[in-house]
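Take a look at the structure set out below.
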Amino acid sequence: MSTFIDGLSLGAIYALIALGYTMVYGIAKMLNFAHGDIIMVGAYTILTTLELTGNPYLAIAFSIVICTISGVVIEKLAYKPLRGASPLAVLITAIGVSFFLQSIAQLIYGSKSRPITLPDFGKMSIGSQEINVNTVITLVVGGIIMAGLTLFVKKTNTGRAMQAVSEDKGAALLMGVNVNRIIMITFAIGSALAAFASLFYLMQIPSITPTLGSMPGIKAFTAAVIGGIGSIPGAMLGGVLLGLIEKICLSIPAIGPYTTAIEFSLLIIILLVKPIGILGKKIREKV
Amino acid sequence: MALLEVKNLEVFYGMIQAIRGISFEVNEGEIVTLIGANGAGKTTTMQSIMGLIPIKKGTVTYNGQDITKVPGHKIVRMGMTQVPEGRRIFQQLTVYDNLLMGAYTIDDKKKIQQDIDEICTRFEILGERKNQIAGTLSGGEQQMLAMGRAMMSHPKLLMLDEPSMGLSPIFVDKVFDIIKDYHKSGTTILLVEQNAKKALSIADRAYVLETGSISLSGTATDLLNDEAVKKAYLGA
Ligand SMILES: Nc1ncnc2c1ncn2[C@@H]1O[C@H](COP(=O)(O)OP(=O)(O)O)[C@@H](O)[C@H]1O
Ligand SMILES: [Mg+2]
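If you read the protein sequences in the order shown, they are chains A and B.
Read in order, the letters of the first sequence are residues 1349 to 1635 in the numbering used here.
Read in order, the letters of the second sequence are residues 11 to 246 in the numbering used here.
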């Protein structure tokens, strides 16, 4: 039971990050490999704000602001000039941005791991089981954010425009949609979600290094591909699935050490059976 | 003064010149058609006017304003839009959401609902399929949706790129009837067609495009009776 909740909660973190990958892929048709490093940016922002003010809520708010700004600035400076360039050039740029962010963090904070103390609300019991309140918070807040995002995409003009742009940029433009603005908003939302993910991640693993974002980034990317890259419900499903599998595997001593291998094997199996992912839709490329 | 004026337009795909300095105009209240064989450059012309393909040389003036470098989404707000070649409806959205996308530039929510009701009366099939995913419509129904969607923004000038392409004869007639009707309600039309006979039958004036240049122009009636046009485009 507690393994299940832990899994769901880790899954919510992966899902929040995976949403950033999948939305940017769906709308800008690019793999933003620097997305994981936005989590690291969020983590250091939380650390610094906590050290300066001691106020955890302010820390979260700042981290959302800084992550959102970083995402938007990266898009504007690094990716926007490459619109229409070959996917390989964009991918290499994204990897470059990733190294850049990690190097900046290393310059400012050094490469040593920094501990961080976040508010701990202790444990609560459900039946006979003890569960970390932080885990439950992750699950509940993560769920609310994802429900909100789903509503936003389905029900608002901007959300509908995002769906339209992801399907056909030219046709969306003929509706009067400012495609560049929609891409910017997508990066902003993805980065804000990453800020939440970084907070929840630190609640589970309270130490920070410049490469902190790499592993959850790769896992979440895996989740996005498993769920069907470009699909928002797919990213949520893939994230939760991966989180559950990870926690279940870790809870079984004989399998535990092979957890990561199992997760990536799952990716390979899914790609073999259904290359577009569980909820992925075939999209016809249009010029 | 013409509503739309294209002057010495040149468009390139890489090194290849697709449009070789063409000029034409559309006056307010007209139906103007641009006819020509496959590959003549009709779509390129239409898309470059809307800013979907960059213009190398020449100018596009709309309503007295130079829009050569204005981004397409702003041109839509100025009152000009296009039903693109191949319809390009949003396959994964519902019919209703497609119409809402068409009204993206309109802020008045009540007006949008009225317009949707009106479109659903004009195109009965869309009314019946309002909540259906657009990708499941037939080709002809998708063309209706593409036209209804474009009408949602209340264009002063509507461009249509081969709206009859790939449709059964019944739908072809329907499409031309709708264009005529919509023109009567006060919209200027620029129509691109391979179906020259049909296009000339509803147009006021016409231009013939041949490998990126305009080879002929005149009133639709003159072109319908022109021997060269008859031979090349009317199958006579
Ligand atoms: N994306 C493209 N890249 C390169 N050449 C193109 C592209 N689109 C069209 N062309 C070329 O430009 C010319 C005009 O094409 P187009 O405007 O589509 O003609 P039409 O609409 O009259 O059939 C053709 O020779 C076509 O091969
Ligand atoms: Mg064409």
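Just so you know, even glycine gets a beta-carbon here, dropped at the ideal spot from N, CA and C.
Being a predicted model, the structure only gives us computed values, none of them experimental.
CB contact check: residue i to chain A, cutoff 7 Å
i, result
"arginine 98 of chain B", "yes"
"glycine 46 of chain B", "no"
"lysine 200 of chain B", "One detail in the question is off: residue 200 of chain B reads as leucine in this sequence, not lysine. Cβ-Cβ to chain A under 7 Å: no for leucine 200 of chain B."
"leucine 147 of chain B", "no"
"histidine 164 of chain B", "no"
"tyrosine 192 of chain B", "no"
"tyrosine 114 of chain B", "yes"
"leucine 167 of chain B", "no"
"valine 86 of chain B", "yes"
"lysine 82 of chain B", "Reading off the sequence shown, one finds glycine at residue 82 of chain B, where the question assumed lysine. Output row for glycine 82 of chain B: interface = yes."
"aspartate 118 of chain B", "no"
"glutamine 102 of chain B", "yes"
"aspartate 171 of chain B", "no"
"methionine 111 of chain B", "yes"
"threonine 91 of chain B", "yes"
"isoleucine 26 of chain B", "no"
"aspartate 107 of chain B", "yes"
"leucine 62 of chain B", "yes"
CB contact check: residue i to chain B, cutoff 7 Å
i, result
"valine 1525 of chain A", "yes"
"valine 1635 of chain A", "The predicted position of valine 1635 of chain A is uncertain, since its pLDDT is 36 and thus under 50; a value taken from the coordinates is nonetheless stated next. Not closer than 7 Å to any Cβ of chain B, the Cβ of valine 1635 of chain A fails to qualify, so no."
"alanine 1512 of chain A", "yes"
"glutamate 1515 of chain A", "yes"
"arginine 1508 of chain A", "yes"
"glycine 1518 of chain A", "yes"
"threonine 1627 of chain A", "Checking the displayed sequence, the identity of residue 1627 of chain A turns out to be leucine instead of threonine. No, its Cβ sits nowhere closer than 7 Å to a Cβ of chain B."
"leucine 1522 of chain A", "yes"
Rounded distance between the beta-carbons of residue j and residue i, thought under 8 Å
i, j, result
"isoleucine 77 of chain B", "tyrosine 243 of chain B", "Between tyrosine 243 of chain B and isoleucine 77 of chain B the Cβ distance is about 30 Å, and since that is not below 8 Å, they are no contact."
"isoleucine 1361 of chain A", "glycine 1561 of chain A", "Isoleucine 1361 of chain A to glycine 1561 of chain A, Cβ: 12 Å. No contact."
"leucine 200 of chain B", "isoleucine 189 of chain B", "Not confirmed; about 11 Å, so no contact."
"alanine 1583 of chain A", "glycine 1591 of chain A", "Contact doesn't hold; Cβ gap of about 12 Å is too wide."
"leucine 1430 of chain A", "threonine 1441 of chain A", "6 Å"
"phenylalanine 186 of chain B", "lysine 208 of chain B", "5 Å"
"threonine 198 of chain B", "valine 36 of chain B", "6 Å"
"phenylalanine 133 of chain B", "alanine 1519 of chain A", "With a Cβ gap of about 18 Å, phenylalanine 133 of chain B and alanine 1519 of chain A do not count as contacting."
"leucine 155 of chain B", "valine 105 of chain B", "6 Å"
"tyrosine 192 of chain B", "phenylalanine 34 of chain B", "In fact, because the Cβ distance is near 21 Å, the residues do not count as touching under 8 Å."
"threonine 1416 of chain A", "alanine 1540 of chain A", "5 Å"
"leucine 1379 of chain A", "leucine 1449 of chain A", "Contact flag wrong, Cβ pair sits at about 16 Å."
"serine 1414 of chain A", "alanine 1382 of chain A", "Here residue 1414 of chain A is isoleucine; the residue named in the question, serine, does not match the sequence. Not really, about 15 Å apart at Cβ, beyond 8 Å."
"lysine 67 of chain B", "glutamate 20 of chain B", "4 Å"
"glycine 1355 of chain A", "glutamate 1594 of chain A", "7 Å"
"isoleucine 32 of chain B", "isoleucine 224 of chain B", "5 Å"
Strand pairing of residue i, partner residues [DSSP]
i, result
"asparagine 1480 of chain A", "A/Lys1471"
"isoleucine 45 of chain B", "B/Glu203 and B/Val218"
"glycine 228 of chain B", "B/Ala216"
"threonine 91 of chain B", "B/Leu168"
"aspartate 76 of chain B", "B/Thr71"
"serine 33 of chain B", "DSSP lists no partner for serine 33 of chain B."
"proline 1463 of chain A", "A/Ser1555"
"tyrosine 23 of chain B", "B/Ile26"
"isoleucine 143 of chain B", "B/Thr104"
"lysine 17 of chain B", "B/Thr69"
"serine 223 of chain B", "B/Glu220"
Those residues, in chain order, that have a beta-carbon closer than 5 Å to some heavy atom of ligand 1: B/Tyr23, B/Ala28, B/Asn48, B/Gly49, B/Ala50, B/Gly51, B/Lys52, B/Thr53 and B/Thr54
Output the residue ranges of the beta strand (DSSP E) runs that lie fully inside the stretch 168-221 of chain B and measure 3 residues or longer, sorted by chain position. 198-203 and 215-220
Let me know the beta strand (DSSP E) ranges lying completely inside the stretch 80-134 of chain B, each 3 residues or longer, listed in chain order. For the stretch 80-134 of chain B, whole beta strand (DSSP E) runs of length 3 or above, ordered along the chain, are 90-93.
Please give the ranges of any alpha helix (DSSP H) in the stretch 1583-1622 of chain A, keeping only runs that are unbroken, at least 4 residues long and fully inside the region. 1607-1621
What residue ranges within the stretch 1494-1571 of chain A form continuous alpha helix (DSSP H) runs of no fewer than 4 residues, ordered along the chain? 1505-1515, 1517-1522 and 1527-1552
Those runs of the alpha helix (DSSP H) which lie wholly inside the stretch 1372-1439 of chain A and span at least 4 residues: 1383-1401 and 1404-1422
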